[in-house]
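K.L.:
I'd like to ask you about the structure that follows.
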Amino acid sequence: MSPRSRRPAPVVLSLLSVALTALAARADDELFADFEGADYGSWVATGNAFGNAPAKGSLPNQQPVGGFRGQGLVNSYLGGDASTGTLTSPPFLVAKPYLNFLVGGGAHDGKTCVNVVVDGKTVRSATGRDDETLSMATFDLAEFAGKQARIRIVDDDTGGWGHVNADHFVFSDTAATPPVVAVIPDASRLYDETWRPQFHFTARENWLNDPNGLVWLDGEFHLFFQHNPSGRNWGNMTWGHAVSRDLFHWQQLDHALYPDRFGTMFSGSAVVDRRNTSGFGKPGRVPMVAIYTAAGGTSEASKGMPFTQCIAYSLDKGRTWTKHEANPVVPNVGDGDRDPKVFWHEPTRRWIMPLYVGEKEPAKDGKTRTRNRLHFHTSPDLKTWSFASKFAEDLYECPGLVRLRGARGPADWVLWGASGEYWVGTFDGREFRAATPRLRGDHGANAYAAQAYDDLPDHRVVLVTWMNGGKYPGMPFNQQMGLPVTLELRDTPEGPRLRKWPVAELGGLDDGLAFRFRNARLAEVASALARVDLELDDIQLALPAGRDWRLEIRGIPIDWRHADGKLRVRGREAALHPRNGAVSLRLVLDRTSLETFADDGLVVFSDCFLPPPNQRHLKIAMDGADDAPVSCEIHRLRSAWRP
Ligand code: FRU
């Protein structure tokens, strides 16, 4: 990696926030409850989840519970996840600014949590992280000084991870971890809440899913996205809208497309119609055209309507939109037809629309079943569409089709579906022919419904993925996008493969080189790393391919086993090719996500996690080989939300 920083010689930064992670009891700390007794004392239990006494560790059928203090803790797994209840403390006077405590169990916002209640209102709330190991949390109670408060431990969830663990409540003058900043509105902390990603896109508030309408015009990247304007769960699909000049500093604008009588606004794409094929343009005003699914039947207003494909246009760079008067432009043909991804195909001078169609066919039992298929339509003007061909493989939702640079053979188009599965092949303007089997585009737990910018002036193709399934308990927003990555093809011994690599614009957030060791002894690197706190970092590592090793980054395990040549991130695995005897990794770490790029970007894992406040390091362990050569370079990244 070429040094991007103009700062003086790299040093090991070790001084940051050691104080924050200190767990040692302080002289002025006041222990409020540690659940070491034979019963709950003056705490009051309701329901059946807490029983009438603290637990002594794990309960029957529970995974091992750890991280609590002493012998006892609160554990609402009594009777399994199905039980519910509350455990409420006696009132106390808020006399110290901080409440430090341990919490574990489910990450269900408001349902498996430790709350502080003042004047009958919940003013602070923290959940576990879907983890049986309790970790430290801190509430800042300074604003309630002199008031009476209670702690209420809540288990109101009966599904998976429907329980809460808690222990060791201490009033203190010192925050043991950065205080939890949660839903409880705090405008001053907008975009810096406890679990707000700092350089991955999130909506200011509420739920988001798929990236939509990725398009560039006059220096602005547009990111439209599936958004629920009125809640933190999926629903009321509306197109949100944000713009950026560098793919990292986003400004969220007004919503672009609202539900109408044809349905709520499901996923789709946008194009800049430079040739004004649609006729929507006006002199000097190039039309931006959105092609989207109207999801009939998903709202009261669209009851009984099918899913159809519609268009809308904007003459002011996406700020305001007019829906086409002759919508829909593609009628319903199957089951839940959706997610049109339109692009211009210069050789045939046609617009191309890959579209997901659930094809209904009779099944043996007399019922019908649905096959997941991709239909290609073409159009001269975005308004009139003709069916061109079908892709015969199973492909579900959110198709993408782009031509990429980097392969020597004739197969240079890549087709994908929502789960990231892809094929490399040829496309003649009508039909896609696969030249590879189905391949995996992402090996992590949190990648779905990716879409690409495929009309950029510098001819890059840039992919943005929804990191589905991340957890953000207590936050005003829900879900995040993935890091924008450049797509290319690479020839490998197995054939052409997709390469993903963080876009160069990430360098704009580089806050300097914090750590660099080249071919140093493992023991030396590992002990220096123990002094480096991580939160927002771009990390390059090279480790020997001939040995087994295990990394842990903020508690996330990454293992390499040389015998099978597989890398495992949190237990999910992918085979890769070592180069020059080494396995090289690039790890991009944000507050709640880790993206792992291995094999020069041919193997990618996208993962969301809830960071344990006290696990802030990168650890390396290798089967006793203290002398093995290791390289590690860490660049700090800046938050994109701060000026
Ligand atoms: C994929 C998806 C799309 C659909 C959208 C609705 O995540 O199911 O197929 O258009 O989400 O929000």
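Using my numbering, the first residue of the sequence shown is number -13, and each one after it goes up by one.
Ideal placement from N, C-alpha and C gives every residue a C-beta, glycine not left out.
1. Helix, strand or coil for Phe157 per DSSP?
2. Would you check if the distance between the CB atom of Phe130 and the CB atom of Phe87 is smaller than 8 Å?
3. Taking the alpha helix (DSSP H) that Glu22 falls in, what are its first and last residues?
4. Comparing alpha-carbon positions, which option in Ala607, Pro46, Gln49 lies nearest Asp545?
5. Who are the near neighbours of Phe36 in its chain, counting only those whose CB is closer than 6 Å to its CB and skipping five residues on each side?
6. In this structure, does DSSP put Gly254 in helix, strand or coil?
7. Along the chain, where does the beta strand (DSSP E) that runs through Leu243 open and close?
8. When DSSP builds the beta bridges, which residues end up paired with Gly386?
9. Starting from Glu510, trace the alpha helix (DSSP H) both ways and give me its first and last residue.
10. Using a 10 Å radius around the Cβ and a threshold of 16 neighbouring Cβ atoms, would you call Asn192 buried or exposed?
11. Could you give the distance in angstroms between the alpha-carbon of Tyr382 and the alpha-carbon of Lys327?
12. Measuring alpha carbon to alpha carbon, tell me which residue in Pro83, Phe54, Ser75 is nearest Gly90.
13. Helix, strand or coil for Gly344? Go by DSSP, reduced to three states.
14. In three-state terms, what does DSSP make of Ala131?
15. Would you be able to state if there are at least three C-beta pairs under 8 Å between the stretch 358 to 370 and the stretch 380 to 395?
16. Could you give the uninterrupted runs of the beta strand (DSSP E) lying entirely in the stretch 534 to 604, keeping only those of 3 residues or more?
17. When burial is assigned at 16 or more other CB atoms within 10 Å of the CB, is Ala204 buried or exposed?
18. Among Arg556, Arg536, Ala568, Leu588, whose alpha-carbon lies nearest the alpha-carbon of Gly610?
19. Tell me which residue opens and which closes the beta strand (DSSP E) that Ala81 is part of.
20. By alpha-carbon positions, which one of Gly587, Leu573, Glu538 ends up nearest to Ala561?
21. Can you tell me whether Pro83 is buried or exposed? The criterion is at least 16 other CB atoms within 10 Å of its CB, across all chains shown.
22. Would a C-beta distance cut-off of 8 Å place Ala189 and Gly226 closer than the cut-off?
23. Is Val(-2) helix, strand or coil by DSSP?
24. Only counting the same chain, and skipping five residues up and downstream in sequence, which positions put a Cβ closer than 6 Å to that of Ala5?
25. Indicate the three-state DSSP secondary structure (helix, strand or coil) for Ala653 in the structure shown.
26. Which complete alpha helix (DSSP H) runs does the stretch 278 to 331 hold, if anything under 4 residues is left out?
27. What separation, rounded to the nearest whole angstrom, lies between the Cα atoms of Leu85 and Thr578?
28. By the DSSP assignment, the beta strand (DSSP E) with His213 in it spans what residues?
29. In angstroms, rounded to a whole number, what distance separates the CA positions of Glu654 and Gly148?
30. Is the Cβ-Cβ distance between Thr108 and Asp141 less than 8 Å?
31. For Met453, report the span of its beta strand (DSSP E) as first-last.
32. With distance defined between alpha-carbon atoms, name the residue in Arg502, Arg602, Gln526, Arg517 nearest to Ile539.
33. Take Phe418 and list the residues in its own chain whose beta-carbon comes closer than 6 Å to its own, dropping the five residues that flank it on each side.
34. Taking the Cβ atom as the reference point for each residue, do Thr284 and Val316 lie within a distance shorter than 8 Å?
35. Could you tell me if Trp452 is buried or exposed, where buried requires 16 or more neighbouring beta carbons within 10 angstroms of its beta carbon?
P.N.:
Taking the structure as given:
1. strand
2. no
3. Run containing Glu22: none; DSSP gives neither H nor E here.
4. Ala607
5. Closer than 6 Å at the Cβ level, and outside the excluded window around Phe36, lie Ser62, Gly71, Leu73.
6. Reduced to three states, the DSSP call for Gly254 is strand.
7. Where Leu243 is concerned, the enclosing beta strand (DSSP E) stretches over 236 to 243.
8. Trp402
9. 508 to 515
10. buried
11. 14 Å
12. Phe54
13. strand
14. coil
15. Taking a contact to require three or more Cβ pairs closer than 8 Å, the stretch 380 to 395 and the stretch 358 to 370 qualify as touching.
16. 535 to 539, 542 to 547, 552 to 555, 558 to 561, 568 to 575, 579 to 584, 589 to 594
17. For the sequence presented, residue 204 should be read as Asp rather than Ala. Result: exposed.
18. Arg536
19. Careful: Ala81 lies outside any beta strand (DSSP E) and carries neither H nor E.
20. Gly587
21. buried
22. yes
23. In this prediction, Val(-2) scores a pLDDT of 33, lower than 50, which makes its location untrustworthy; no coordinate-derived value is stated.
24. The predicted position of Ala5 is uncertain, since its pLDDT is 34 and thus under 50; a value taken from the coordinates is nonetheless stated next. Cβ neighbours of Ala5 beyond the five flanking positions: none.
25. Outside the modelled stretch of the chain, which goes from -13 to 629, sits residue 653, for which no answer is possible.
26. Here no run is fully enclosed.
27. 24 Å
28. 206 to 213
29. The shown model of the chain, from -13 to 629, leaves out residue 654, and the question about it has no answer.
30. no
31. Counting along the chain, the beta strand (DSSP E) containing Met453 begins and ends at 448 to 453.
32. The shortest C-alpha separation from Ile539 is found at Arg602.
33. Sequence-distant Cβ neighbours of Phe418 in its own chain, meaning closer than 6 Å and more than five residues away, are Phe377, Leu401, Gly411.
34. Their beta carbons are not under 8 Å apart, which means Thr284 does not touch Val316 by this criterion.
35. buried
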